[in-house]
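Have a look at the structure below before the remarks.
Numbering (my numbering), first residue to last: -10 to 390.
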């Protein structure tokens, strides 16, 4: 039976190729949409879980928004007086807080990052953001000549080697696990080292001619105590008079989730329409093919094949062609996923760190299963009609291909 199925497919090459192409295009669109959906949802879930902070205090007049700070590594040169940290300690409802200082690299030689990247100086004595993702050797802090990098730095063997940042050599001592946030594309160093670099670097020094970077911080990451109302805390910050404003990480993630949910619903609706069109197109093709094969089917019945065997033969042919289309469509979609995810990163400030091999296999597997289902649904009615024909009538009315 398997050999007969394969021969029937190969001797109708043009018709088979068209069926495979329809299945391939349908599956390609599905796998792309499904892959984006999984990446977005897993990325946001990972961000919500691993971000660590419930709120971020930033300079009162800073123009940066929460999604820029949390989901990208775009350099943000925002600063506020260091005494804001002492003022923030007077606020109620805070379980822990830690300051961070931002500076940036520049797109220079091959020995440095190939594009602008955010450098964050963190305070190891109060840090709770990096702590869960650090190896045991980095738990107690790092020295002024050591560096920690996010997972998006491509070379997994970077740990233990030297890395040149703005003309200064650092030893990479740790690489963070994926977080789904801008931390994945960020370099971390001791906060005083980052402040020192603003004076040591010829490029950055120009912005600090009349100021001492040691007197400034960029943001304060805050973790709430149990039972704190986030909106009440925001109002407390506004009424306190400190030179900072509060961004709630939960609100930022929820806002981004809402925007992406609308887009994903539209994408799935468009795909559902294409799936229906594909089924209708294949039903029409298989009906026409069944009429062409009447005499062939009649001869098979006359030779002793039962209705279920003929039904299984036709379903086997269509599902085999759909399977071929599913494999090709899934492979094509997976090859296109990286550019698609990079577009999402640029448009919606998402991290691609969750797009992994297992997730790619999951999406591709769903695409192949969907292709077989598409072939089965499109062929079941024509196949049953063909199998139910009277052998003698089929031989009289049909032509052998």
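Even for Gly, the Cβ is constructed at its ideal location relative to N, Cα and C.
Since this is a predicted model, take the numbers as computed values, not measurements.
Residue i versus residue j: straight-line alpha-carbon distance, rounded
i           : j           : result
residue 199 : residue 188 : 11 Å
residue 260 : residue 352 : 15 Å
residue 191 : residue 181 : 18 Å
residue 370 : residue 320 : 30 Å
residue 29  : residue 374 : 44 Å
residue 115 : residue 315 : 52 Å
residue 297 : residue 308 : 16 Å
residue 299 : residue 305 : 10 Å
residue 97  : residue 152 : Confidence is the limiting factor: at residue 97 the pLDDT is only 41, short of 50, which leaves the residue's position unreliable and the question unanswerable from this model.
residue 231 : residue 202 : 20 Å
residue 110 : residue 225 : 27 Å
residue 347 : residue 141 : 18 Å
residue 277 : residue 14  : 21 Å
residue 22  : residue 186 : 44 Å
residue 91  : residue 239 : 22 Å
residue 18  : residue 257 : 10 Å
residue 4   : residue 27  : 35 Å
residue 205 : residue 72  : 8 Å
Residue burial classification, residue i (beta-carbon count within 10 angstroms, cutoff 16)
i           : result
residue 129 : exposed
residue 49  : exposed
residue 8   : buried
residue 413 : The structure shown does not extend to residue 413, since the chain spans only -10 to 390, so no value can be given for it.
residue 11  : buried
residue 255 : exposed
residue 372 : buried
residue 218 : exposed
residue 107 : buried
residue 16  : buried
residue 132 : exposed
residue 266 : exposed
residue 251 : exposed
residue 179 : buried
residue 431 : For residue 431 there is no data in the structure shown, the boundaries of the chain being -10 and 390.
residue 122 : buried
residue 311 : buried
residue 172 : buried
residue 332 : exposed
residue 220 : exposed
residue -1  : exposed
residue 328 : exposed
residue 323 : buried
residue 363 : buried
residue 65  : buried
Three-state secondary structure assigned by DSSP to residue i
i           : result
residue 1   : coil
residue 392 : Coverage of the chain is limited to positions -10 through 390, which leaves residue 392 absent and any answer about it impossible.
residue 140 : coil
residue -4  : helix
residue 181 : helix
residue 114 : coil
residue 150 : coil
residue 73  : helix
residue 129 : coil
residue 218 : coil
residue 295 : coil
residue 388 : Model confidence at residue 388 stands at a pLDDT of 48, short of 50, so the residue's coordinates are unreliable and nothing is read from them.
residue 163 : strand
residue 135 : strand
residue 124 : coil
residue 101 : With a pLDDT of only 46 at residue 101, under the threshold of 50, the placement of this residue in the model should not be trusted, and no figure is reported.
residue 318 : helix
residue 377 : coil
Cross-strand partners of residue i (DSSP beta bridge)
i           : result
residue 107 : 93
residue 6   : Bridge partners of residue 6: none, in fact.
residue 155 : The partner list for residue 155 (beta bridge, DSSP) is empty, contrary to what the question assumes.
residue 237 : 44
residue 205 : 70
residue 212 : 85
residue 176 : 108, 138
(request) Tell me, please, whether the region 124 to 140 touches the region 152 to 169 by the rule of three or more beta-carbon pairs shorter than 8 Å. (result) yes
(message) For the pair the region 203 to 220 and the region 78 to 89, tell me if three or more CB-CB distances fall below 8 Å.
(response) yes
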